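Here is the structure:
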């Protein structure tokens, strides 16, 4: 539903006179305009005090007097991203002069653009166009307004202002109002009541680039003055908010120093968010594990892990899982390009290696394990579509698409799809199975109201409740506890394989896979992000396996006696035994189907997006498969599960600080320390008195049922009861503070648990989800006595100090607000999906004898506590989570905080990782009473050490 309206300008005669008299002096008049100052030019090396600063451009040329000529444009990040998916109000202003009008493409305009250069990537545009017309467009709607009589040569400078009102789709149309006047005229003191042009449309998405744009008419030039964006009308003219923004900075990724394992220490192999593949070796040998990531700040992002010998395995600690191979610390000399690979058995023995995303034959492995990689990969042939788009017929090698069309065909094939290569129909030739989303629009409707949660603004149906005493912890659920969004439909398809005359594999057109013996397609509807296919054989029957993103796994037998060229499956049953543990197959993808232990039976290896682990599933028959364990490695770099949150302290009481990590999968991992602060012993999971791993996940959470297998555990090591030994205070996906204490002197992994509550209530303490609290010792006196306090974000997202009823109690009697010097509450997170998401730590950052607060959070939350538009505009494009600290300008007992300061490298560069977090934990490694090392955890799950002398701790 869209509509647009436009009105002619009431001041057309005034404009006509001004344009006619401007002539060649347009640039001088523009520079003299009091609202423009000396902006005048966009030439890159000249200063410009306007919002856009010095510009970089594409295809640009500059007129001698300053100004952007035809056939050019220049773009910059905006200080405030415009989000069309929430209610908001934004104001824009630009002043433009033109010369050399010749008709045709001689426009001069300013627009908002998304990062996506595809269709519908320009939600807003205002400016001049041919025929003395004011451009007004919003999304796909356009309502231009005539500036004067036809034929008037409008070369004088004009000021254009616009107000954009954004609304969620369910609440109405987005609206833009535009005003224009000669640049020399005084600006209105407030928003004019009657706009010169109005347009309404429904646009979804977010824009984070502002672009100045000109046409390509010969001899045409445009001179732009000040260009600003603000959140109020006065901000466009009063010089507040968004002036003097320099060009966006370039801060390259830098290698962090990995924290490492001792040579004999084991851990779950660090899969991270990467392409994971099994590469066969000789018959009876465990396969090589290939982890290929693209994270630019991770030196160990692309590694091959190879099985170790029996002697190394016997010395490894903790002891690796029985029956599964143990891998080494990794090698970078593997020779594979980024991506995922699948090994497909050949009838004559050995394997073909295929790049699974590009569908290319890249190499071969002989039956004895010798690997041959092709100098030039051979693309799998793709059959041309049948006339009229019918994808139900078979196709032969002669109908392959032309090479130039192959990339487009692959993009269409891969969109919202998961692949698996295998002989589905039993004819001896490899086929392609495709798990495909039926309706791409359904993915958005998984969210209540179709509004994803990843915004800092409040939303009606997504986000945390503040009243957790009377309602569940999170919005988005009805009174019956059911999610208000919709499930997503997936369908199974396949492309039948055949062989060309030279033996190359060719895939026919996509066609449905049928359920039973009729023409009903295989479909599955669930709260999931994908449907992942695989194949396995048991007792002579081939089965197609289907995995959802929420730990569901089905097996469907391939039926025989069906028409040739079609694929029919029998009734679905659960792949796993009813009591089987499926905790590590959240958001799965199939790594491979191979024999891991040499017993002649193949296992399924699944890569998990939540845990960042490789999980082996196996069983004698379908319906009895179990989780055999997580693949592990010995030595190498420390890799916790995804979204690693580090904490440091002497947990096991041996006098050496240990590393404890939380993660996206919901565990707490203990890495005991050594004399080297950059080396730790093998990982152990904290457990309860019965020996079960402690793992914290919730059936209800902020991001709906597809997230029910995520944990987001957040550990703080702190002596809460002042008995001389450390305790663990943790938070997680369920927004529940828990106190874990060691209970077995002989086993540091065994713990007890108690939940934090309000004093006098059995209900849990209302806090924000997935953020790490920090303890402040009782000696600081924050509670007014010697009780320690806990810093955390309360349900309103404000930083508070929780005071226990007594030292060591999990009952919180009151909360003390933590404020800035101007009285504002300290906040580090937004609302909705950006609530919480902060890892706090307490240390004396500047050695002044008073404790400060160190923290890291997701990139989007930076604008909440760091509203400086210069910093926002110059670093927004980095999409980087960074570490910040807020200096305590008060006392230890009565803290008052200065604004947040970004921690940078010593040369001023920004410490960059990715968007999910930059969790830091300080350590005094040399025992001199001051911190000298920061441990940092990143999204893929690695932990690093950053030395104090590598950083700049001065004011930002």
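Numbering (mature numbering (1 follows the signal peptide of the UniProt record, and there is no 0)), first residue to last: -27 to -1, 1 to 929.
Glycine residues also receive a C-beta, built at the ideal position from the N, C-alpha and C atoms.
Note that this is a predicted model, so its numbers are computed, not measured.
query                                                                                                                   : result
Span of the alpha helix (DSSP H) around residue 416                                                                     : 415 to 418
Any chain B beta carbon closer than 8 Å to residue 443                                                                  : Of the protein chains in the structure, only one exists, and it is not chain B.
Any 3 or more C-beta pairs closer than 8 Å across the region 706 to 717 and the region 731 to 750                       : yes
Start and end residues, beta strand (DSSP E) containing residue 469                                                     : 461 to 472
Beta-carbon spacing of residue 747, residue 837 below 8 Å                                                               : no
Alpha carbon of residue 820 to alpha carbon of residue 447, nearest angstrom                                            : 40 Å
Exposure label - residue 489; buried when at least 16 CB within 10 Å                                                    : exposed
Burial state of residue 450 (16 or more Cβ within 10 Å)                                                                 : buried
Closest by C-alpha distance to residue 577, when choosing among 892, 723, 301 and 250                                   : 250
Proximity below 8 Å, CB of residue 523 to CB of residue 806                                                             : no
Assigned exposure category for residue 54 - 16 Cβ within 10 Å defines buried                                            : buried
Reduced DSSP category for residue 779 - H, G, I as helix; E, B as strand; rest coil                                     : coil
C-beta atoms of residue 390 and residue 413 nearer than 8 Å                                                             : no
Rounded distance between the beta-carbons of residue 608 and residue 302, thought under 8 Å                             : 4 Å
At least three beta-carbon pairs within less than 8 Å, the region 460 to 468 to the region 392 to 412                   : yes
Between the CA atoms of residue 854 and residue 835 - distance to the nearest angstrom                                  : 8 Å
Own chain, CB closer than 7 Å to residue 267, minus 5 neighbours either side, in chain order                            : 274 and 311
Bounding residues of the beta strand (DSSP E) (the contiguous stretch that carries residue 985)                         : Residue coverage of the chain in this structure runs from -27 to 929, which leaves residue 985 outside it and unanswerable.
Collapsed DSSP secondary structure at residue 837 in the structure displayed                                            : helix
Beta strand (DSSP E) runs contained entirely in the region 245 to 275, provided each spans 3 or more residues           : 248 to 252 and 261 to 265
Contact set for residue 272: own chain, Cβ-Cβ below 6 Å, skip 5 residues either direction                               : 228
Integer Cβ distance of residue 825 from residue 797, believed to fall under 8 Å                                         : Between residue 797 and residue 825 the Cβ distance is about 18 Å, and since that is not below 8 Å, they are no contact.
Span of the alpha helix (DSSP H), counted from its first residue to its last, around residue 285                        : 283 to 288
Residue from 308, 309, 405 and 342 with nearest C-alpha to residue 356                                                  : 405
DSSP state of residue 514 mapped onto helix, strand, coil                                                               : strand
CB of residue 231 within 8 Å of CB of residue 652, strictly                                                             : no
Beta-carbon gap between residue 640 and residue 661 smaller than 8 Å                                                    : no
Sequence-distant residues of the same chain with beta carbon closer than 7 Å to residue 265, five excluded per side     : 247, 248, 275, 309, 311 and 312
Buried or exposed (CB count within 10 angstroms, at least 16 for buried), residue 927                                   : exposed
Beta-carbon gap between residue 632 and residue 646 smaller than 8 Å                                                    : yes
Close-in-space but distant-in-sequence residues of the same chain around residue 693 (CB under 7 Å, 5 per side omitted) : 700, 702, 712, 748, 761 and 781
Pair within 8 Å by beta-carbon distance, residue 588 and residue 558                                                    : yes
Given 8 Å, three or more beta-carbon pairs between the region 501 to 508 and the region 380 to 397                      : yes
As assigned by DSSP and simplified to three states, the class of residue 443                                            : coil
Three or more C-beta pairs below 8 Å linking the region 481 to 496 and the region 412 to 429                            : no
Nearest residue (CA-CA) to residue 804, options 871, 548, 831 and 169                                                   : 831
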